[in-house]
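Engineer: Chains as they are written, first to last, in the numbering used here: chain A, 459 to 591; chain B, 57 to 432.
Every residue, glycine too, gets a C-beta built ideally from N, C-alpha and C.
Quick caveat: nothing in here was measured; it's all calculated off a predicted structure.
The structure follows.
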Amino acid sequence: MERIMSETTVLLVDDDADFLLQGRLQLEQLGCRVIEARSRREAVSILEGTRPDAAVIDLMMEDPDAGFTLAYQIKGRYPDLPVIMTTAVTSATGLTFEKVPGEDWIRADVILSKPVRAAQLKAELERLLGHVL
Amino acid sequence: MSSEPETLRLAVVDDELGIRLGVTSILSDVTVEIPEVGSRVRLQVSSWADGESFLAALDGTAPQVVLLDSKLPGIGGMEILEGTLSGRPEVVTIMITAYATLESAVRATKLGAYDFLAKPFTPEELRVTVRKAIHHHVLAAQARRLMEENRRVRFQFISVLAHELKSPINAVDGYLDLIRNRLLGDELAAYGDMIERSSLRIGGMRKLINDLLDLTRIESGQRVRTLEPLELAELARAALEGQETASRALDLAVTLEAEPGLTLQADRMELEMILNNLVSNAVKYNRPGGRVTVRLARRDGAVELEVADTGWGLSRDEADRLFSDFVRIKNDHTRDIPGSGLGLSLVKKLCALYGGSVTVESEPTVGSTFRVRLPL
Ligand SMILES: Nc1ncnc2c1ncn2[C@@H]1O[C@H](COP(=O)(O)OP(=O)(O)OP(=O)(O)O)[C@@H](O)[C@H]1O
Ligand SMILES: [Mg+2]
């Protein structure tokens, strides 16, 4: 991988102030610039004027599946923009969101369960961006 | 009572043609009223001369009631009961037996037959027995539906609860991880905010657990209630005082308008919970410099207790969902306000204990008025 010196901008969407703060600290530690949004709606309006390099979005926000809708909207506008979804839902409901090849109704590139570890976030971002942070 | 009767299928399985024809003609114009569920039932009768053809047809449209002769030429009625029908609780079986074999009737009941008819039987005996069986079928089906619904509601409740408990744990876990990795360097002071936020989340979780225990105690009727005459104005004043710090922080103007001498026979703790929850919401979801007004009055044989605020208000749709467990309305104004979303569902359940009600009138951006009515 080649090191790209220009700053990476990440859109971070979560309705929980604590996860927003933690995500911001982790991303800034990686040298990223962070744009925060507290709801799907706010994220959509930010995306109208900005194309971030990646998005890290929460699943449950104003609606229980706001994250799915948002991922859909992001990919509709910027098909190549990497989307990482974070959720605490998986083990709580017994539902799993494992990405099944060929069944990609979930428009996120990867789903991470909360709390997200810094190392894991770094690895996934680098993989999806194709460069080292 | 619904006017359209529901049609149930009844199958008579007997090798005697006379029985098949008799049963068909006697039952074809029978209607059964089930007042418990407000329904009426008619029968559609089919008849079978032997067990084999009955069983072959069973997997298509199964009958709800079966009149089954215990003695059949091929496979016997007992075998059909034991081998097939006993595994289908939704099918009600009436065994047709001969007087001589009362013993077999008893055995049939043990194997899951609902009732039996001894040959020869009169048309009236047949009608009475079938009526009883239909009654049983309808009520049992209803009970099964309710149980299924309960299971579903319980699963949903536990899923949401698990999520609500997990979010604070995840938040604290996340902070611990950042601290462990010395994200902000080696100075402890740098982590003050993270530690503060962690305590807050743990506090919220503790409140959730306490609210949940209150809710469970009230729903299960476990708590010992002491009904005594309570001075409502005094309780309302205490509820307002309890929120003094919070209402001062928002610079709210708080007023109590109480009809003098208004008392209600009630449990003190329950009434406190109702008032505290409504007043705490009126304060929490208010805007800086707003107003909270509590009004107490007697109206139409009930006590009316109003808590009005000048807060952010609610849309029609939000107001409809509010009284359910864990419902929290998330918008720019409410997102950072802590709460478990159990307060109003608790209030609703408490009001129900008194045969009362709680309703809300609200206008977005203007404010809300919650109104509790408790019969005197
Ligand atoms: N007076 C009010 N004005 C506007 N919104 C309100 C008001 N009261 C309640 N709500 C909304 O209804 C939701 C549910 O209220 P409820 O009291 O059940 O839970 P809560 O206040 O979130 O938590 P708690 O269990 O701590 O009371 C709140 O989250 C809030 O969004
Ligand atoms: Mg409340």
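Take Leu264(B) as the anchor and find which of Asp233(B), Ser223(B), Thr282(B) has the nearest alpha-carbon.
Structural biologist: Ser223(B)
Engineer: Are the C-beta atoms of Asp473(A) and some chain B residue less than 7 Å apart?
Structural biologist: yes
Engineer: Enumerate in chain order the residues of its own chain whose CB-to-CB distance from Val86(B) is below 8 Å, with the five nearest sequence positions on each side excluded.
Structural biologist: Arg98, Leu99, Arg183, Val186, Arg187
Engineer: Are Asp472(A) and Leu479(A) close, meaning C-beta to C-beta below 7 Å?
Structural biologist: No, Cβ-Cβ distance for Asp472(A) and Leu479(A) is not below 7 Å.
Engineer: Using a cut-off of 8 Å between C-beta atoms, extract the partners of Ala546(A) located in chain B.
Structural biologist: His219, Lys222, Ser223, Asn226
Engineer: Rounded to whole angstroms, what's the CA-CA distance from Ala295(B) to Glu362(B)? Just pull it up for me.
Structural biologist: 13 Å
Engineer: Where does Arg201(B) fall in DSSP's three states?
Structural biologist: DSSP places Arg201(B) in helix when its eight states are reduced to three.
Engineer: Residues around ligand 2, please: the condition is that the C-beta lies closer than 7 Å to some non-hydrogen atom of it.
Structural biologist: Asn333(B), Ser336(B), Asn337(B), Lys340(B), Gly395(B), Gly399(B), Leu400(B)
Engineer: Using 7 Å as the threshold, is the C-beta distance between Leu320(B) and Leu291(B) below it?
Structural biologist: Annotated as distal: Leu320(B) and Leu291(B), with beta-carbon spacing of 7 Å or more.
Engineer: Closest to Phe382(B) by C-alpha separation, out of Glu220(B), Phe426(B), Gln278(B), would be which residue?
Structural biologist: Comparing C-alpha distances from Phe382(B) to each of Glu220(B), Phe426(B), Gln278(B) shows the shortest one belongs to Glu220(B).
Engineer: Quick one: list the residues of chain A neighbouring Arg391(B), beta-carbon separation under 7 Å, in chain order.
Structural biologist: Asp473, Arg496
Engineer: Please list, in chain order, all residues of the same chain as Ser497(A) whose beta carbon is under 8 Å from its beta carbon, the five residues on each side excluded.
Structural biologist: Val471, Asp473, Met519, Glu520, Ala524
Engineer: Entirely within the stretch 129-194 of chain B and at least 3 residues each: give me those beta strand (DSSP E) ranges in chain order.
Structural biologist: 148-154, 171-175
Engineer: Of the choices Gly230(B), Glu275(B), Leu378(B), whose alpha-carbon is the least far from that of Arg253(B)?
Structural biologist: Gly230(B)
Engineer: Give every residue of the same chain whose Cβ lies closer than 8 Å to the Cβ of Arg535(A), excluding the five residues on either side of it in the sequence, and list them in chain order.
Structural biologist: Leu505
Engineer: Looking at the structure shown, is Ser255(B) part of a helix, part of a strand, or coil, going by DSSP?
Structural biologist: helix
Engineer: Report the residue from Val122(B), Ser396(B), Gln120(B) whose alpha carbon sits nearest the alpha carbon of Arg262(B).
Structural biologist: Nearest C-alpha to Arg262(B): Ser396(B).
Engineer: Measure the C-alpha to C-alpha separation of Arg201(B) and Leu195(B) and round it to an integer number of angstroms.
Structural biologist: 10 Å
Engineer: Rounded to whole angstroms, what's the CA-CA distance from Gly132(B) to Leu83(B)? Just pull it up for me.
Structural biologist: 24 Å
Engineer: Taking DSSP as the reference, what is the three-state secondary structure of Asp476(A)?
Structural biologist: helix
Engineer: Any heavy atom of ligand 1 closer than 6 Å to the CB of Leu370(B)?
Structural biologist: yes
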